[in-house]
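These protein sequence lines are chains R and X, in that order.
No gaps in the numbering here: position 73 of the first sequence is 73 in this note's numbering, and each next residue is one more.
No gaps in the numbering here: position 53 of the second sequence is 53 in this note's numbering, and each next residue is one more.
For each residue, glycine too, the CB sits at the ideal point set by N, CA and C.
The structure appears right after this line, and notes come after that.
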Amino acid sequence: MSNISVQQIENVVIKFAGDSGDGMQLTGTQFSNNTALVGNDLSTFPDFPAEIRAPQGTLAGVSGFQLHFSSNRIFTPGDACDVLVAMNAAALKANLKSLKKGGIIIANTDGFDSKNLRLANYPDGINPLEDGSLAAYQLHTMDVTKMTREALKDINLGMKEKDRAKNMFVLGFLYWLYDRSLESSENFLNEKFSKKPEILESNLKALHAGYNFGDTVEAFSTRYKVEKARMEPGTYRSITGNTALAYGLIAASQKANLPLFLGTYPITPASDILHELSKYKNFGIRTFQAEDEIAGITSAIGASYGGHMGVTTTSGPGMALKGEAMGLAVMLEIPLLIVNIQRGGPSTGLPTKTEQSDLLQAYYGRNGECPMPVISAATPSDCFESIFEAFRISVAHMTPVIYLSDGYIANGAEPWRFPKSADLPAIPVKFKKGLEEGEEQFLPYHRDENLVRPWAVPGTPGLEHRIGGLEKQNITGNVSYDPENHQLMVRIRQEKVDKIADHIPLQKIELGPEKGKVLVLGWGSTYGAIKSAVLELLAEGHEVAHAHIRYLRPFPKNLAEILHSYDKVLIPEINNGQLIRIIREQFLIDAQGYNKIMGVPITKGELVVKIKEMLQA
Amino acid sequence: MSTATIAPQTLTAKDFATDQEVRWCPGCGDYSILKQVQTIMPGLGIPKENIVIVSGIGCSSRFPYYMNTYGMHSIHGRATAIASGLKAVRPELSVWVVTGDGDGLSIGGNHTIHLLRRNFDINVMLFNNQIYGLTKGQYSPTSEENKVTKSTPFGSIDHPFNPLALALGADATFIARSMDRDPKHLQELLKRSHAHKGASFLEIYQNCNIFNDGAFEIFTEKGSKPEEALFVEQGQPLVFGAQKNKGIRLDGLKPVVVELGTDYTADDCWVHDEKDFYKAQILTRMFDDPRIEGHMPRPFGVFYQAFRPTYEDQLNFQVEDALTRKGAGDLDKLLAGKETWTIK
Ligand SMILES: Cc1ncc(C[n+]2csc(CCOP(=O)(O)OP(=O)(O)O)c2C)c(N)n1
Ligand code: SF4
Ligand SMILES: [Mg+2]
Chain R
1 MSNISVQQIE NVVIKFAGDS GDGMQLTGTQ FSNNTALVGN DLSTFPDFPA
51 EIRAPQGTLA GVSGFQLHFS SNRIFTPGDA CDVLVAMNAA ALKANLKSLK
101 KGGIIIANTD GFDSKNLRLA NYPDGINPLE DGSLAAYQLH TMDVTKMTRE
151 ALKDINLGMK EKDRAKNMFV LGFLYWLYDR SLESSENFLN EKFSKKPEIL
201 ESNLKALHAG YNFGDTVEAF STRYKVEKAR MEPGTYRSIT GNTALAYGLI
251 AASQKANLPL FLGTYPITPA SDILHELSKY KNFGIRTFQA EDEIAGITSA
301 IGASYGGHMG VTTTSGPGMA LKGEAMGLAV MLEIPLLIVN IQRGGPSTGL
351 PTKTEQSDLL QAYYGRNGEC PMPVISAATP SDCFESIFEA FRISVAHMTP
401 VIYLSDGYIA NGAEPWRFPK SADLPAIPVK FKKGLEEGEE QFLPYHRDEN
451 LVRPWAVPGT PGLEHRIGGL EKQNITGNVS YDPENHQLMV RIRQEKVDKI
501 ADHIPLQKIE LGPEKGKVLV LGWGSTYGAI KSAVLELLAE GHEVAHAHIR
551 YLRPFPKNLA EILHSYDKVL IPEINNGQLI RIIREQFLID AQGYNKIMGV
601 PITKGELVVK IKEMLQA
Chain X
1 MSTATIAPQT LTAKDFATDQ EVRWCPGCGD YSILKQVQTI MPGLGIPKEN
51 IVIVSGIGCS SRFPYYMNTY GMHSIHGRAT AIASGLKAVR PELSVWVVTG
101 DGDGLSIGGN HTIHLLRRNF DINVMLFNNQ IYGLTKGQYS PTSEENKVTK
151 STPFGSIDHP FNPLALALGA DATFIARSMD RDPKHLQELL KRSHAHKGAS
201 FLEIYQNCNI FNDGAFEIFT EKGSKPEEAL FVEQGQPLVF GAQKNKGIRL
251 DGLKPVVVEL GTDYTADDCW VHDEKDFYKA QILTRMFDDP RIEGHMPRPF
301 GVFYQAFRPT YEDQLNFQVE DALTRKGAGD LDKLLAGKET WTIK
């Protein structure tokens, strides 16, 4: 080894970009897991096209994976990149704008041949790697394809198969650049390809070849090292939002001693929850891939009626299909979880892009007066705790609950200081076991002090009763068309949901003073960007605070007080302004919005600018 | 708490009636079906609390309110899907679905075929009155062509479904047809539906005397019934007619009506075999419009019965199997996953 030095740095944002067939998601995930094991704080943002294999080499087919890691606490995948790995011309073109000036480009020259350049819409005869247009960056080129083939020349595999290992070469090279051990990826490959020895060998060889290439070529005079982050003591793992959500459901099911039934229909970006839950049959979990979203939710209603915990998972378009059945669940007053991993809408919209698209739908998107609690996730690891809460509320209050996550949270990863099973609270479940002494007839809509009716499941002698979607008489549950009774029942159903506010934590201020100039109020996946922006402004001495709402319906009881403690309220959302309408309507305050509807997260930088504007005005 | 189960053997039809006033139009065929269901229930030997009736929306779907069992009157077309979820988690319950021709074949057609192909052990009773009763008389997916209704003043142009052919196409394992006006036959088929382990699809011709009166008259009324309705029985030749003087023979794959007596006897006729999938196809296709000259009689009875594992048994087997192979899930192990790191 030569005179290559290792430099300590705090923060790196890398973007892996290539064709959707180049395996960039896998490369990014592998590098992230490795990063987690080193003890860095991290946040990821996978960003891929809707088509599985969009035309090769085109801008439409570019798949990216952004990873932010640091020796400090971080809350977002980063606004701009320090390093861009571009496997082809389209990947460079699509991502150059997000690379910092002076940043590093690692380009695979084989992906910049005349065909790739043409597909990426570069003018004839123009190659950005050669025409000096990238002078503002540190450009490093390497022919990944050629070197991978060379490394694998003794393996008995077709050229196409060998080329599939290109991403491992790149991964190996980056491991070298950031002074990492290859072990976690070696383990991964050994497990993944244990039954395919040739493929295993080619991937391992490519991985090592990439690492050794770094060691030998002296293209880089520096390697970088990011120290362990100063995080709260404890044991961590890396987790994505959808996995945390699935684990939260399993944990809640265990803690409630209530078996889980998932009725669902595949849809991006919610399908991974089905994939994950379908593995855990030995936790008593039953998954049912239904014929459509309506059967997904109605089968879950059937399961809840039968005394299991019915869950249905979907995204925007599926949510629209479930509307009528949600109304039924509201009338039946049984536990049910409806999970919406939001994505860009309307209609099919932007299936693989994130958007806080459906808060208003969750609030209002059903026929009739149809109130349901709404709970949301703020970060990937927060999915665990928030879905656990949604489960608890659903069972305790005999009500369907809507749970909102989104594509950014679902696919993003971060370190998670996972809890011990013993530290999780038990979720009490009360089935009515039969008629009480002196109780002559079962009254299915007889309520307790929280307006909650009993859960009486088929198979219980003496409690035979009929329920349904028709309006029912208060207490007896018999069908009733009486006008006074309908008004009463509408109000009771509303009050029952409102009363949940007595059983949730008060809203807390995440950061900043308890009163002051500007409150930035968020919900869902804007958490990291708002937190980072407010941290920066607080460090500069500004009077700004951050509150993030998990319980969107009903709101925590002290929310009004909080909102009135600041001169101004800013509500950033990845939509055209949804929470802001509800807040303005309920609290009559002149909140301002910051809205971005581009299928990508709001960045810290743009929020800082917006908040400063408000501070100065 | 009183948790006493009433011993099933002491139950009577009365125990299955509720205190709710039955609200169908006087003369509606639904009354008879309700009566037959209440009549056979005590004989099934199931405690009342283990019976669940799930319905969608329609006149017919009011059924659960009149049965003193567990019941759910749900939303239009979805009873089959709700029942599927219930049966998946509570296989020990006896689950019945009541649905109409609109509920089960129009808005809920998708769920119906999927329930059948999955073979949940659920008894589906399709009350076919060839009309939308509850919404006051529009034509339905089983209405005959050219039907003049409120929504088709110039006659309907839709070609109707053949419900049993559809069910067979969906690989239902029990397929049968009966009628409101033949209590004994209906009782018999209800019992057979219940006895079948797997999805049973029982189509019941039901008269809507308000919006489609007499739709099945030709099959149900004394004068024409013997000539028009063909009652099939396991192992018996297909013979019909007031004088039992007609039979069905198979000419290749084509059923033909023959006079019995001189050229043919009952021994020459097609012998019904519920296990014969190919013959069941032909039987379901004996579905001529009775307005057409030279039409075939319409079969009633059990067309087909087959056995394959039920969905709920397989689903619950997978759970049991995972439990025996892996042991009960360990939450702490799950949460920790394969790779962790510790910060001190
Ligand atoms: C989503 C929805 N669409 C439409 C209706 C109106 N509707 C109620 S019952 C029905 C048709 C009923 O016909 P069928 O299923 O044949 O039952 P029948 O009344 O004839 O027994 C319709 C269209 C509804 N209740 N819900
Ligand atoms: S409208 Fe027809 S189907 Fe409905 S209750 Fe009256 S007679 Fe029966
Ligand atoms: Mg009908």
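Quick check on R/T460: buried or exposed, where buried means 16 or more other Cβ atoms within 10 Å of its Cβ?
Here residue 460 of chain R corresponds to residue number 460 of the first sequence, with the count starting at 1. With a 10 Å radius around the Cβ and a threshold of 16 neighbouring Cβ atoms, R/T460 comes out buried.
The beta strand (DSSP E) enclosing X/E203, as first and last residue numbers:
As a first step, residue 203 of chain X must be located in the second sequence, where it is residue number 203. Per DSSP, the continuous beta strand (DSSP E) segment holding X/E203 begins and ends at 200-205.
Within chain X, partners of R/N485 - CB distance below 9 Å:
If you number the first sequence from 1, residue 485 of chain R lands on position 485. By Cβ distance, chain X contributes nothing, its closest Cβ being about 16 Å from R/N485, past 9 Å.
6 Å Cβ shell around R/G593 - same chain, five flanking residues per side excluded
For this step, residue 593 of chain R is matched to residue 593 along the first sequence. Excluding residues within five positions, the ones whose Cβ falls inside 6 Å are I571, G577, I580.
Return the CA-CA distance between R/F173 and R/P128, expressed in angstroms with no decimal places.
Counting from 1 along the first sequence, the entry for residue 173 of chain R is found at position 173. Counting from 1 along the first sequence, the entry for residue 128 of chain R is found at position 128. Distance between the alpha carbons of R/F173 and R/P128: 22 Å.
Taking 9 Å as the CB-CB cut-off, is X/S74 touching chain R?
The residue you call residue 74 of chain X lines up with position 74 of the second sequence. Yes, contact with chain R.
Please confirm whether X/L86 has its beta-carbon closer than 9 Å to some beta-carbon of chain R.
Against the second sequence, residue 86 of chain X aligns to sequence position 86. Closer than 9 Å to some Cβ of chain R, the Cβ of X/L86 qualifies, so yes.
Say yes only if the C-beta of R/N282 is nearer than 8 Å to one or more non-hydrogen atoms of ligand 1, and no if none qualify.
The residue you call residue 282 of chain R lines up with position 282 of the first sequence. Placement of the Cβ of R/N282 at a distance of 8 Å or more from every heavy atom of ligand 1 is found.
Can you give the beta carbon distance from X/G327 to R/G310, rounded, assuming they're within the 8 Å contact cut?
Stepping through the second sequence from its first residue, residue 327 of chain X is reached at position 327. Stepping through the first sequence from its first residue, residue 310 of chain R is reached at position 310. With a Cβ gap of about 26 Å, X/G327 and R/G310 do not count as contacting.
Is there a Cβ of chain X sitting closer than 9 Å to that of R/S238, yes or no?
Locating residue 238 of chain R in the first sequence gives position 238, counting from the first residue. Chain X, which has a Cβ nearer than 9 Å to the Cβ of R/S238, makes this yes.
Which residues mark the beginning and the end of the beta strand (DSSP E) in which R/K100 is found?
In the first sequence, counting from the first residue as 1, residue 100 of chain R sits at position 100. It spans 99-108 - the beta strand (DSSP E) in which R/K100 sits, taken as one unbroken run.
Nearest candidate by alpha-carbon position, reference R/V520, set R/A329, R/L552, R/I562, R/L171:
Walking along the first sequence from the start, residue 520 of chain R turns up at place 520. Checked all of R/A329, R/L552, R/I562, R/L171; the closest Cα to R/V520 is R/I562.
Contiguous alpha helix (DSSP H) assignments of at least 4 residues, all confined to the region 406-467 of chain R
Qualifying alpha helix (DSSP H) stretches, in chain order: 407-411.
Thinking just about the alpha-carbon of each residue, which of X/Q281, X/R78, X/N119, X/I53 is nearest to the one in X/M67?
Taking the second sequence and counting its residues from 1, one reaches residue 67 of chain X at position 67. Closest by C-alpha distance to X/M67, out of X/Q281, X/R78, X/N119, X/I53, is X/I53.
Can you tell me whether R/I582 is buried or exposed? The criterion is at least 16 other CB atoms within 10 Å of its CB, across all chains shown.
Position 582 of the first sequence holds residue 582 of chain R. R/I582 comes out buried.
Along the beta strand (DSSP E) that carries R/I530, what are the first and last residues, could you check?
For the purposes of this step, residue 530 of chain R is identified with residue 530 of the first sequence, where counting begins at 1. Unbroken run through R/I530 is the alpha helix (DSSP H), 527-539; no beta strand (DSSP E).
Classify R/V6: buried if its beta carbon has 16 or more other beta carbons within 10 angstroms, exposed otherwise.
Here residue 6 of chain R refers to the residue found at position 6 when the first sequence is read from its first residue. By the neighbour-count rule (16 or more Cβ atoms within 10 Å), R/V6 is not buried but exposed.
Give me the chain X residues within the contact set of R/G39, using Cβ-Cβ distance strictly less than 9 Å, ordered along the chain.
Along the first sequence, read from residue 1 onward, the residue named residue 39 of chain R stands at position 39. What R/G39 touches in chain X: W341, T342, I343.
Own chain, CB closer than 7 Å to X/A336, minus 5 neighbours either side, in chain order
Within the second sequence, numbered from 1, the residue matching residue 336 of chain X stands at position 336. Cβ neighbours of X/A336 within its own chain (closer than 7 Å, five residues either side excluded): none.
Can you name the residues of chain X whose CB is closer than 9 Å to the CB of R/R286?
Locating residue 286 of chain R in the first sequence gives position 286, where the first residue counts as 1. Simply A88, V89, L315, N316, Q318, V319.
Note down, in chain order, each residue of its chain lying with its Cβ closer than 6 Å to the Cβ of R/I104, except the 5 sequence neighbours on either side.
Residue numbering aside, residue 104 of chain R sits at position 104 when the first sequence is read from its first letter. Within the same chain, R/I104 has close Cβ partners V83, Q138.
Of the residues X/E221, X/K191, X/R192, X/H194, the one placed nearest X/Y205, counting alpha carbons only
The sequence position of residue 205 of chain X within the second sequence is 205, counting from 1. The candidate whose alpha carbon is nearest that of X/Y205 is X/E221.
Taking the continuous beta strand (DSSP E) assigned at R/S68, which residues delimit it?
Residue 68 of chain R sits at position 68 when you count from the first residue of the first sequence. First, the residue type needs correcting, since residue 68 of chain R is His and not Ser in the sequence shown. 62-70 is the extent of the beta strand (DSSP E) around R/H68.
What residues match up with X/T149 in a beta bridge as DSSP calls it?
Translated into the one-based positions of the second sequence, residue 149 of chain X becomes position 149. For X/T149, which the question treats as bridged, DSSP gives the partners X/T152.
Taking the Cβ atom as the reference point for each residue, do R/G522 and R/I504 lie within a distance shorter than 9 Å?
For the purposes of this step, residue 522 of chain R is taken as the residue at position 522 of the first sequence. For the purposes of this step, residue 504 of chain R is taken as the residue at position 504 of the first sequence. The answer is no: Cβ separation not under 9 Å.
Check whether the Cβ of X/S32 lies closer than 8 Å to any heavy atom of ligand 2, and answer yes or no.
Taking the first residue of the second sequence as position 1, residue 32 of chain X is located at position 32. No, ligand 2 has no heavy atom inside 8 Å of this Cβ.
9 Å Cβ cutoff, R/Q254 in contact with chain X:
Against the first sequence, residue 254 of chain R aligns to sequence position 254. The beta carbon of R/Q254 sits closer than 9 Å to some beta carbon of chain X.
Is X/I343 helix, strand or coil when you go by DSSP?
Along the second sequence, one-based indexing puts residue 343 of chain X at 343. Looking at X/I343 - three-state DSSP - the assignment turns out to be strand.
Residues bridged to R/V339 by DSSP?
Mapped onto the first sequence, residue 339 of chain R falls at position 339. Beta-bridge pairing links R/V339 to R/T313, R/Y403.
Note down the Cα distance separating R/E51 from R/P428, rounded to an integer number of angstroms.
By one-based count along the first sequence, residue 51 of chain R stands at place 51. By one-based count along the first sequence, residue 428 of chain R stands at place 428. R/E51 and R/P428 have their C-alpha atoms spaced approximately 44 Å apart.
Could you name the residues of chain X that R/I631 contacts, counting a contact when the two beta carbons are closer than 8 Å?
Nothing can be reported for residue 631 of chain R: it is not among the residues displayed for chain R, which extend from 1 to 617.
Can X/I57 be considered in contact with ligand 2, in the sense that its beta carbon sits closer than 8 Å to one or more heavy atoms?
The residue labelled residue 57 of chain X in the question sits at position 57 within the second sequence. Flag unset: Cβ of X/I57 not near ligand 2.
Any heavy atom of ligand 1 closer than 8 Å to the CB of X/Y132?
For the purposes of this step, residue 132 of chain X is taken as the residue at position 132 of the second sequence. Answer for X/Y132: yes, Cβ within range of ligand 1.
Evaluate the contact criterion for the region 296-310 of chain R versus the region 455-472 of chain R: three or more CB pairs, one atom per stretch, below 8 Å.
yes
Residues bridged to X/G108 (per DSSP):
Counting from 1 along the second sequence, the entry for residue 108 of chain X is found at position 108. None; X/G108 has no bridge partner.
Given the structure, does X/S60 come close to ligand 2, in the sense that its CB is under 8 Å from one of the ligand's heavy atoms?
Position 60 of the second sequence, counting from 1, holds the residue named residue 60 of chain X. X/S60: yes, Cβ under 8 Å from ligand 2.
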